[in-house]
Amino acid sequence: MGAVKTKRMPRAVREQQMLDAAVRTFGRRGYMAASMDEIAELAGVSKPLVYLYLNSKEDLFTACIRREAAALTEAVRAGARPGLPADRQLWEGLCAFFTHTARHPDGWAVLHLQARTHGEPFAAEVAAMRAEMVAFVTQLIVVAAREAHRDPDLPEREVAGLAEALVGAAESLADWANATPGVTARQAAATLMNFAWAGLGSLMRGRPWTPPAAPAAGSAEGEVTRPRDAPRP
Numbered sequence: 003m004g005a006v007k008t009k010r011m012p013r014a015v016r017e018q019q020m021l022d023a024a025v026r027t028f029g030r031r032g033y034m035a036a037s038m039d040e041i042a043e044l045a046g047v048s049k050p051l052v053y054l055y056l057n058s059k060e061d062l063f064t065a066c067i068r069r070e071a072a073a074l075t076e077a078v079r080a081g082a083r084p085g086l087p088a089d090r091q092l093w094e095g096l097c098a099f100f101t102h103t104a105r106h107p108d109g110w111a112v113l114h115l116q117a118r119t120h121g122e123p124f125a126a127e128v129a130a131m132r133a134e135m136v137a138f139v140t141q142l143i144v145v146a147a148r149e150a151h152r153d154p155d156l157p158e159r160e161v162a163g164l165a166e167a168l169v170g171a172a173e174s175l176a177d178w179a180n181a182t183p184g185v186t187a188r189q190a191a192a193t194l195m196n197f198a199w200a201g202l203g204s205l206m207r208g209r210p211w212t213p214p215a216a217p218a219a220g221s222a223e224g225e226v227t228r229p230r231d232a233p234r235p
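Counting in my numbering, the sequence shown runs from 3 upward without gaps.
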């Protein structure tokens, strides 16, 4: 065991110190493998003090999720400055997202991997953050549509689906970028803009991609192949 610091400091400062240690431990070792002894030692405090401040391992983990979720959301909103065109807001927001997740890989691991795989109430905390992100991106798409058309023909459900897809792609790309040496936040953001906004731009201009017509019933394309001996309905 390392030496425990005894210097007094404000409760809020000490609590953040504990959360820093907990995020690092949870992010690198996982929720189940992380121990309160290890977190206390890394924070330079006694284990009873961690329990005094944060009650239990579950409460400590929840506090970590809330802090990291709030920091990520704030970073994205600060990056996507109001007043810019919608595509620039999305670009700046994505740059902020990938910059934050790259600078705080342990926090991102807590949010994207650990919290989601250990059930309620942890998953619900992350779901709330994700819903806020989706709502934010949905609004950007709505604004872009209004800029492109006075009366855009974009159903609400379709816009929400586009936002869900974009947020999901950003989450996956953040994992890839953090695991791939040499990938910068701007490169990750540019990759997603080229993947997503090019298509969204066409949609805004009234040129959506449409699927081919469904094959007629009984046609060669539409006929379902059955095993040779399978009975017909």
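The beta carbon of each residue, even a glycine, is placed where N, CA and C say it ideally should be.
Taking C-beta atoms as the reference points, Arg105 and Glu94 fail to come closer than 9 angstroms. Phe100 and Gly29 have their C-alpha atoms roughly 17 angstroms apart.
If the five residues before and after Leu168 are omitted, its C-beta is found closer than 7 angstroms to the C-beta atoms of Val139, Ala198, all from its own chain and listed in chain order.
With fewer than 16 other CB atoms across the displayed protein chains lying within 10 angstroms of its CB, Thr186 is exposed. A contact between stretches requires three or more CB pairs, one per stretch, nearer than 8 angstroms, and the region 68-86 fails this requirement with the region 36-51. At least 9 angstroms separates the beta-carbon of Gln19 from that of Ala35.
Excluding sequence positions up to five before and after Val144, its CB lies within less than 7 angstroms of the CB of Val161, all in the same chain and listed in chain order. Shortest Cα-Cα distance from Pro87 to any of Ala147, Ala125, Val112, Val128 involves Ala147. About 7 angstroms separates the beta carbons of Ile67 and Leu113, which is inside the 8 angstroms limit, making them a contact pair.
Distance from the Cα of Leu175 is smallest, within the candidate group Thr27, Glu17, Thr103, for Thr103. Within the same chain, and ignoring the five residues on either side of Leu92 in sequence, the residues whose Cβ sits closer than 6 angstroms to its Cβ are Leu142. For the 9 angstroms CB-CB criterion, Leu96 and Ala172 form a contact. Nearest neighbour of Val25 by Cα position, chosen from Pro12, Ala71, Arg13, Asn57, turns out to be Ala71.
Nearest neighbour of Asp89 by Cα position, chosen from Ala200, Pro213, Tyr53, turns out to be Ala200. Cβ-Cβ distances below 7 angstroms link Ala125 to Ala117, Arg118 in the same chain, with the five nearest sequence neighbours on each side left out; the list follows chain order.
Asp39 and Leu56 have their C-alpha atoms some 14 angstroms from each other.
Going by DSSP, Ala117 is part of no alpha helix (DSSP H) at all; its letter is neither H nor E.
If you draw a 10 Å sphere on the C-beta of Thr27, you find 16 or more other C-beta atoms in it, and that means buried.
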